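J.:
Protein chains in written order, with our numbering: chain A, 1 to 447; chain B, 1001 to 1447.
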């Protein structure tokens, strides 16, 4: 839980007038300019207070949707022993992307790029019977992939924040239901962030298995070419019935019926069969990836449970990833204009920015405090620019930061009893009396 | 924010009847037995759901008290470049405790054991003027120290979770006020966790500087010998006035007036001067450590700000650490009995455990749901044992977990309209009607 009222004088928000030349894409430029991140070394970032706050917001939405499907949160360490990875046979597969480490005793360690091995070991030690599954476990932890050429800011960094979940089931049928639960949870997660995500059939790569979907948002600046049916542009990820096994299966069938594939899995013939007006060929950003891989890890790592007959069988597994830090970049790619970021109201760092243009003035300060108090009481988070700065600088910075609503307190507003309340997205201004501001905002947010 | 109602059937709580032999101290034994942690490799732990939940609870108390003194939260990465550490001269000082890494391009990296260098660089890039200080910044992040002999579970692990804060001021006088703010914040933080912490003059070690206090809790199993005046056993860390600079200075003077020192700084003569009845010589656990080190880092790293005359001066700094993961062990060392953990009510993973001894019974299930709903609505967190298990097993496990209050639902309780409500700490049982349970708990928690 981050503070609900932040005063810029105490905050650390080093905005930049110009983005550094190395920032090639708009989200990277805006995150640097808005003082959200700062590069520590190649592909490794410090998250300054505003960026950190957004990271926590996104994390919390991801968490709530995992909890909603009955997944339990735990936390695995960043540093793992190489032995487990040798057991699964993946120690060599990862090549140079895996950050390999030797400790003071010359033991081989690594910075986890993912956690199939470790979670399988944890499960194995704790669960023995079919009665204890399905078991859905997840964690949200820093990962490291030693990209040869880190770029695009947090979109393709080396140290990155990821939610990875794992499902454990008695057989393939039950495991596919777990897969469907996460599939639907992902539709909801991204929809809550104002993103239209499209599940696309995908390669399974280093994770393995034979069933996999990537969740893609469309963006001109996306890293890969994607192809889909226009129907996906009109679907609502929140309107999915997931109350029963059958409902989940039907929902996933419905969401995978029309054509949608990344470049790697693209079937030109199938795509050409779509009416031309419905063909969408554009670029996309991957924000989630889910896998069903059966017993790929449970066999070598000997994770078995007793079935109803008492026989030990290897557990059926899937894994489910969301790039939490990457999502920040993805949201900004999807939501910005020439002035800066335009956060969706549901996932903004603050809902309200208050600019006091004359902080030395007692009446202005009192009015500001009154508005902030009311807003906080109504559950809004408020960023207050209480710095002794030119009004023009304050306005431009707030637009860069992209907070959905802005109120300006000035001697003139006080004298005329008319305060400017501006919507960031449209730029439309309301003139309201002091006591009408927070009730107006409540209405906008449906509170 | 963790879920407010957890059903054991969906949770992952692999309790153990016996603690593994390698666990030497009671907190390590109990954390393993209660299914809170599991060793991943030497000195590196996975935090299972119950342990993770407590870690987040402790983190949130630490966070709130940092926010309260106006510190802004950010997040620095775990992996740092070695170059910065060469600039400060500490790259070699740390010796083998520092986990050194080479990336695929053979660049020297390290897993941060602390962050003075990186935060100084972040500050330098963002703050230019005396008008922008004091600036208090903190983060809560995983650290790594490659202990030669990791032991005592999370008390002396290799990968550990720590809050480290940094203060930046224009001069020594202002910097000492920042020091005092953190000093008082620590008294409050630990008091909120039910711990009596004693600030003791301490060595500055690898951090450096000339003013330093460790915050110690007394425990027979503590790692070091400590000596203090008995007055510290009766002080209230919450009852400290920190409203002004003068009040803070007076409070710190008051809290450092009587004798209190760790072994390293022990002054036998001064200690002997205390009346014998007031001499306390025992063992202690370090849970926090604060440092004022002036310009030790700002000079080599060239972190300067303009003073009122326009001249650039090196900024005065301090740093302030709390071992978040270690605190879990410390609390358990301080709060346990022969049956298991006894969480302080203010910082328990759940306030209420509900045991349904006959989960197949419709009336029992309905009564259970009603109690849980009421408890949730009143703001309590509830752990529900809905497993089909023997009652004896359920009782013993709940006592091991140490949840402050327990309610038992059974056919007999329903028939007699009398439910057993048991306080974990005292074992005292109340017999209450179904509708009286939650109002009774509200009273106990002063709600």
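Think of the CB as a built atom: it goes at the ideal place given N, C-alpha and C, for glycine as much as any other residue. Here the structure is a predicted model, which means the values were calculated and not measured.
1. According to DSSP, which residues form a beta bridge with residue 1077/B?
2. For residue 1238/B, count the other beta carbons within 10 Å of its own beta carbon; 16 or more makes it buried, fewer makes it exposed. Which is it?
3. Taking 8 Å as the limit between beta carbons, can you name the residues of its chain near residue 1108/B, skipping five residues before and five after?
4. What's the call for residue 338/A, buried or exposed, on a 16-neighbour Cβ count within 10 Å?
5. For residue 394/A and chain B, any beta-carbon pair shorter than 8 Å?
6. Please specify which runs of the beta strand (DSSP E), each continuous and at least 3 residues long, are wholly inside the stretch 1301–1332 of chain B, giving them in chain order.
7. Thinking residue 77/A and residue 1045/B are a contact (beta carbons under 8 Å), I'd like their distance in whole angstroms, please.
8. Alpha carbon to alpha carbon, what distance is there between residue 1289/B and residue 1321/B?
9. Using a Cβ-Cβ distance cut-off of 8 Å, determine whether residue 1379/B contacts chain A.
10. Take residue 1270/B and list the residues in its own chain whose beta-carbon comes closer than 7 Å to its own, dropping the five residues that flank it on each side.
11. Does DSSP put residue 1298/B in a helix, a strand or coil?
12. For residue 1211/B, which of 1243/B, 1151/B, 1176/B and 1126/B has the nearest alpha-carbon?
13. Decide if residue 441/A is buried, meaning its Cβ has at least 16 other Cβ atoms within 10 Å, or exposed.
14. Which same chain residues, not among the five before or five after residue 1398/B, have their C-beta less than 6 Å away from its C-beta?
15. Going by Cα to Cα distance, which pick from 130/A, 364/A, 233/A and 147/A is closest to residue 417/A?
16. Any C-beta of chain A sitting closer than 8 Å to the C-beta of residue 1038/B?
17. How far does the alpha helix (DSSP H) with residue 122/A in it extend, from its first residue to its last?
18. Threshold first: 4 residues or longer. Then list the alpha helix (DSSP H) segments lying entirely within the stretch 1187–1234 of chain B, N to C.
19. Taking 8 Å as the CB-CB cut-off, is residue 3/A touching chain B?
20. Once the 5 residues before and after residue 501/A are set aside, which same chain residues still bring their CB inside 8 Å of it?
21. Taking the C-alpha atoms as reference points, what is the distance between residue 246/A and residue 386/A?
22. Can you say whether residue 121/A is buried or exposed, counting buried as having 16 or more other CB atoms within 10 angstroms of its CB?
23. Considering only the alpha carbon of each residue, which of 224/A, 29/A and 1/A lies closest to residue 329/A?
24. From the DSSP output, in three-state form, read off residue 1109/B for me.
25. Compute the beta-carbon to beta-carbon distance between residue 1404/B and residue 1057/B, rounded to the nearest angstrom, for a pair I have assumed lies under 8 Å.
26. Using 8 Å as the Cβ pair cut-off and three pairs as the minimum, do the stretch 123–134 of chain A and the stretch 298–310 of chain A touch?
27. Given this structure, state the Cα-to-Cα distance separating residue 62/A from residue 286/A, to the nearest angstrom.
28. Roughly how many whole angstroms lie between the Cα atoms of residue 244/A and residue 366/A?
29. In terms of DSSP beta bridges, what is residue 163/A paired with?
30. Interface residues of chain B around residue 122/A at Cβ under 9 Å?
31. Using the Cα positions of residue 1105/B and residue 1006/B, report the straight-line distance between them to the nearest angstrom.
32. Along the chain, where does the beta strand (DSSP E) containing residue 347/A start, and where does it finish?
33. Indicate whether residue 185/A and residue 66/A have their beta-carbon atoms separated by less than 8 Å.
34. May I ask which residues mark the beginning and end of the beta strand (DSSP E) holding residue 1022/B?
35. Do residue 341/A and residue 401/A have their C-beta atoms within less than 8 Å of each other?
36. Specify the secondary structure class of residue 182/A as computed by DSSP and reduced to three states.
T.: Judging by the given coordinates:
1. Residue 1077/B is not bridged to any residue.
2. exposed
3. 1081, 1082, 1083, 1100, 1101 and 1102
4. The residue in question, residue 338/A, is exposed, as its Cβ has fewer than 16 Cβ neighbours within 10 Å.
5. no
6. 1304–1306, 1312–1314 and 1316–1323
7. 6 Å
8. 5 Å
9. no
10. 1259
11. coil
12. 1176/B
13. Buried, by the Cβ-count rule.
14. 1353 and 1406
15. 364/A
16. Chain A contact via Cβ: present.
17. 116–126
18. The qualifying runs do not exist here; there are none.
19. yes
20. Coverage of chain A is limited to positions 1 through 447, which leaves residue 501/A absent and any answer about it impossible.
21. 55 Å
22. Under this definition residue 121/A is a buried residue.
23. For the residues 224/A, 29/A and 1/A, the minimum Cα distance to residue 329/A belongs to 29/A.
24. strand
25. Wrong, their Cβ atoms sit about 13 Å apart, outside the cutoff.
26. yes
27. 15 Å
28. 54 Å
29. 140/A and 322/A
30. 1012, 1014, 1038, 1040, 1046 and 1048
31. When rounded, the distance between both Cα atoms is 46 Å.
32. Counting along the chain, residue 347/A falls outside any beta strand (DSSP E), and DSSP gives it neither H nor E.
33. Yes, the Cβ-Cβ distance between residue 185/A and residue 66/A is below 8 Å.
34. No beta strand (DSSP E) holds residue 1022/B; DSSP gives it neither H nor E.
35. Contact: yes.
36. helix
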